[in-house]
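Protein chains: 2
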Amino acid sequence: MGASKSDFFTEQQNELAILFKALSNPARVAIIEYLLKVDTCICGDIVKELPLAQPTISQHLKELKNAGIIKGNVDGTTICYCINPEALQKFEDYFFQMRKQLQNKCC
Amino acid sequence: MGASKSDFFTEQQNELAILFKALSNPARVAIIEYLLKVDTCICGDIVKELPLAQPTISQHLKELKNAGIIKGNVDGTTICYCINPEALQKFEDYFFQMRKQLQNKCC
DNA sequence: TTTATATATTGCAATATTACGATATAATAA
DNA sequence: TTATTATATCGTAATATTGCAATATATAAA
Numbered sequence: 607m608g609a610s611k612s613d614f615f616t617e618q619q620n621e622l623a624i625l626f627k628a629l630s631n632p633a634r635v636a637i638i639e640y641l642l643k644v645d646t647c648i649c650g651d652i653v654k655e656l657p658l659a660q661p662t663i664s665q666h667l668k669e670l671k672n673a674g675i676i677k678g679n680v681d682g683t684t685i686c687y688c689i690n691p692e693a694l695q696k697f698e699d700y701f702f703q704m705r706k707q708l709q710n711k712c713c
Numbered sequence: 607m608g609a610s611k612s613d614f615f616t617e618q619q620n621e622l623a624i625l626f627k628a629l630s631n632p633a634r635v636a637i638i639e640y641l642l643k644v645d646t647c648i649c650g651d652i653v654k655e656l657p658l659a660q661p662t663i664s665q666h667l668k669e670l671k672n673a674g675i676i677k678g679n680v681d682g683t684t685i686c687y688c689i690n691p692e693a694l695q696k697f698e699d700y701f702f703q704m705r706k707q708l709q710n711k712c713c
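Heads up: the sequence lines are chains A and B, in that order.
Sequential numbering from 607 applies to the first sequence in my numbering.
Sequential numbering from 607 applies to the second sequence in my numbering.
Next up, the structure:
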């Protein structure tokens, strides 16, 4: 196959998987870390920073944006990218809920 | 290609990507949610719970275990699985650090 | 209008992931 | 020893992801 059986899982489970997938690649982790450092930047800055070609960076930015982890605002010829705090909140909420449920009753 | 250029990123960036990749599939999210609910269980319990075949569940459990997100203890014929609290802590730490760095200076 | 700059899209090759049937392994029960 | 039970591994087909060269688009500058 290759495709996951998304239809059989809850909407929330699928949404979470999409959020995690967005961060499941070292280049995208690096982009997020860079954005954290500089607050805002344009695509070209990241192309200079990382060892990947411009179309590859553009594609990664698109995936991060589709997942809602970053925002991109058109500003003339350039596009200003920044981290979406709401997405971070979603992650934090999820792990907070997990820790609340966790009973530490291990095998 | 298909392979990410892992060599060009830091060890921490690659490790994080591996952790996130482990949760980037709805079946694995569902397994984690089930484990949170029941604390501990065996592979067969998950096979009954999810709409996936036994080899598929076994493979997902292996991936979660390799990433360090769950632990599995052999107990006779069965293997007892549970969530590894240390992995959850790593995620929490990461998002806490992110929030600390985040300046909310968006475009 | 022409040129330059910034980013996106297309098309494609290499590789990875997902899922499962068939089968192997390993511990216990009869 | 011979089942039985629980899980893992192998092999394979379908699909997804990664990365980039070539090219398209769109804004601004000359």
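Glycine included, every Cβ here is placed at the ideal spot set by N, Cα and C.
Please read all numbers here as calculations on a predicted model, not as lab measurements.
In whole angstroms, what is the alpha-carbon distance linking residue i and residue j?
i: residue 616 (chain B); j: residue 630 (chain A); result: 14 Å
i: residue 619 (chain A); j: residue 639 (chain B); result: 9 Å
i: residue 642 (chain B); j: residue 644 (chain A); result: 37 Å
i: residue 703 (chain A); j: residue 697 (chain A); result: 10 Å
i: residue 671 (chain B); j: residue 636 (chain B); result: 15 Å
i: residue 709 (chain A); j: residue 668 (chain A); result: 38 Å
i: residue 686 (chain A); j: residue 681 (chain B); result: 55 Å
i: residue 705 (chain B); j: residue 647 (chain A); result: 18 Å
i: residue 691 (chain A); j: residue 677 (chain B); result: 32 Å
i: residue 700 (chain B); j: residue 700 (chain A); result: 13 Å
i: residue 712 (chain B); j: residue 711 (chain A); result: 42 Å
i: residue 658 (chain A); j: residue 627 (chain B); result: 20 Å
i: residue 614 (chain A); j: residue 625 (chain A); result: 18 Å
i: residue 684 (chain B); j: residue 688 (chain A); result: 48 Å
i: residue 574 (chain A); j: residue 634 (chain A); result: The requested residue 574 (chain A) does not occur in the structure, where chain A is confined to residues 607 to 713.
i: residue 666 (chain A); j: residue 695 (chain B); result: 27 Å
i: residue 607 (chain A); j: residue 607 (chain B); result: 20 Å
For the beta strand (DSSP E) holding residue i, just list the boundary residues, first then last.
i: residue 688 (chain A); result: 684-689
i: residue 677 (chain A); result: 676-681
In chain order, what residues of the same chain lie with their CB nearer than 7 Å to the CB of residue i, ignoring the 5 residues before and after it?
i: residue 663 (chain B); result: 649, 652, 653, 656
i: residue 660 (chain A); result: 653
Under a Cβ-count criterion, where at least 16 other Cβ atoms within 10 Å of its own Cβ denotes burial, should residue i be classed as buried or exposed?
i: residue 632 (chain B); result: buried
i: residue 623 (chain A); result: buried
i: residue 609 (chain A); result: exposed
Specify, as a first and last residue, the run of the alpha helix (DSSP H) that residue i falls within.
i: residue 647 (chain A); result: No alpha helix (DSSP H) holds residue 647 (chain A); the beta strand (DSSP E) holding it covers 646-648.
i: residue 662 (chain A); result: 660-672
i: residue 711 (chain A); result: Taken as a continuous stretch (DSSP letters only), residue 711 (chain A) belongs to no alpha helix (DSSP H), as it is neither H nor E.
i: residue 626 (chain A); result: 617-628
What does a CB cutoff of less than 6 Å around residue i pick up in its chain, not counting 5 residues either side in sequence?
i: residue 612 (chain A); result: 620
Helix, strand or coil: how does DSSP classify residue i here?
i: residue 694 (chain A); result: helix
i: residue 656 (chain A); result: coil
i: residue 704 (chain B); result: helix
i: residue 610 (chain B); result: coil
Counting only the same chain and skipping the five closest in sequence on each side, list residues whose C-beta sits under 8 Å from that of residue i.
i: residue 673 (chain B); result: 624, 625, 627, 628, 693
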